[in-house]
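According to the working numbering, the sequence shown is numbered sequentially starting from 6. Notes follow the structure.
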Amino acid sequence: MRLGIISALYEEQQGLVEAMQSPYKLIHGQREYWLGQLWEIDAVCVLSRIGKVAAAMTATTLVEKFGVTHILFTGVAGAGDKTVQVGDIVVAESLVQHDMDASPLFPRFEVPLTGLTHFPADHQLGTRLVDAAHLFLDSDFASAIDPLEKSVFGLSRPRIHRGLVASGDQFINDGEHINALNAALPGLVAVEMEGAAVAQVCYELGVPFGVIRTISDNANENAAHDFMRFVKSVAARYAFHIVRRFCLETEGAVIQSSRESAGV
Ligand code: SAH
């Protein structure tokens with residue numbers, strides 16, 4: 006396994022690069038790719054920057070040039086439903102490009118000539134991410150996040166949601182817009198700007214991928230308020246600890262399955 010880890014914002018990636026063993030940097034297409042080991046897993050960390058094209062370019066390069074076998078996208082997102090709150094964790098079950106609309110030639114949201122509106126994430130990776138998120142909330146959350154930040158952002162008992170994530174080249178900060186998307190996309194849990202692009206690339210290249218997001222805002226008029234503070238003091242910690250739990254768990258599973266196949 007070689008794991009590609011994409012983050013959209015610098016703060017989200019910083020801790021992971023610092024945690025890498027024997028990191029080695031390669032620059033390609035104006036991005037820095039960090040190669041090394043993360044908790045014994047062979048990994049490549051990269052900052053995609055924001056938006057669907059940036060994310061698609063990064064995912065393609067990870068697969069074609071750096072030979073990753075699996076991709077994880079970690080980042081923040083706006084809540085896509087009233088039941089989803091700031092500080093909650095979302096794991097994508099499937100992803101849709103909410104700004105794709107070639108109607109009346111093709112149905113709304115369908116990516117022309119693929120026949121698909123929704124691109125499924127890898128189920129097994131998603132389950133591992135949910136497990137890692139549970140371990141994070143149960144064992145790390147209390148000590149990993151500053152109490153002041155918890156009270157500023159009203160984080161008490163964060164929850165985990167698995168469902169539909171919608172991506173588009175828009176920062177959504179309009180209550181009417183998010184309500185309309187929620188009505189048009191049943192099962193919506195989060196909106197962001199990259200996941201569905203990675204999903205399409207991974208679908209076309211046959212690479213399993215997962216998307217995990219910390220909810221930073223409600224995608225309404227207050228969405229930009231304290232956004233960077235949340236990313237730095239809360240979301241970056243979530244991403245670091247969840248990826249750590251994910252790698253430790255994956256390493257354990259790899260050792261277990263090689264023991265089993267060796268009959269030990
Ligand atoms: N204010 C930031 C802009 C970040 S854009 C800056 O100055 O740098 C928002 C990033 O967070 C994107 O990577 C996107 O995937 C995610 N995101 C969080 N909330 C979002 C929302 N309400 N709508 C769309 N994307 C959102």
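Cβ coordinates follow ideal geometry from the N, Cα and C atoms, glycine included. Fair warning: this is a prediction, and the values are worked out from it, not measured in the lab.
For residue i, the residue or residues it bridges with in DSSP
{"i": "Phe245", "result": "Answer is none; Phe245 lacks a bridge partner."}
{"i": "Thr219", "result": "Val81, Ile94"}
{"i": "Tyr29", "result": "Leu40"}
{"i": "Ser12", "result": "Leu52, Thr79"}
{"i": "His123", "result": "Val101"}
{"i": "Gly168", "result": "Ala97"}
{"i": "Val116", "result": "Leu121"}
{"i": "Ile46", "result": "Leu43"}
{"i": "Phe146", "result": "According to DSSP, which records beta bridges pairwise, Phe146 is partnered with nothing at all."}
{"i": "Phe214", "result": "Ile76"}
{"i": "Arg7", "result": "Asp47"}
Beta-carbon spacing of residue i, residue j below 8 angstroms
{"i": "Val206", "j": "Thr119", "result": "no"}
{"i": "Ile11", "j": "Phe71", "result": "no"}
{"i": "Glu17", "j": "Val239", "result": "no"}
{"i": "Ala137", "j": "Ile247", "result": "yes"}
{"i": "Asn187", "j": "Gly92", "result": "no"}
{"i": "Thr208", "j": "Phe124", "result": "The residue asked about is misnamed: residue 208 is Tyr in this sequence, not Thr. It is a contact, given that the beta carbons lie within the stated cut-off."}
{"i": "Gly9", "j": "Val73", "result": "yes"}
{"i": "Gln19", "j": "Ala185", "result": "no"}
{"i": "His75", "j": "Val203", "result": "no"}
{"i": "Asp151", "j": "Glu226", "result": "no"}
{"i": "Ala149", "j": "Gly215", "result": "no"}
{"i": "Leu40", "j": "Phe245", "result": "no"}
{"i": "Asp106", "j": "Gly173", "result": "no"}
{"i": "Leu210", "j": "Val68", "result": "yes"}
{"i": "Met6", "j": "Gly34", "result": "no"}
{"i": "Arg229", "j": "Ile183", "result": "The residue you asked about is not Arg; residue 229 is Ala in the sequence shown. It is not a contact, given that the beta carbons lie outside the stated cut-off."}
{"i": "Glu199", "j": "Ala24", "result": "no"}
{"i": "Phe176", "j": "Pro163", "result": "no"}
I want to know whether the region 24-31 touches the region 168-187 - three or more CB-CB distances under 8 angstroms.
no
query = Could you give the uninterrupted runs of the beta strand (DSSP E) lying entirely in the region 174-210, keeping only those of 3 residues or more?
reply = 193-197
- Query: Would the region 183-194 and the region 52-62 be scored as touching if the rule is three or more Cβ pairs under 8 angstroms?
  - Reply: no
Stretch pair the region 72-92 + the region 208-227: three plus CB contacts closer than 8 angstroms: yes
Taking three-plus beta-carbon pairs below 8 angstroms as touching, is the region 31-46 in contact with the region 252-259? yes
**Request:** Evaluate the contact criterion for the region 83-100 versus the region 176-192: three or more CB pairs, one atom per stretch, below 8 angstroms.
**Result:** yes
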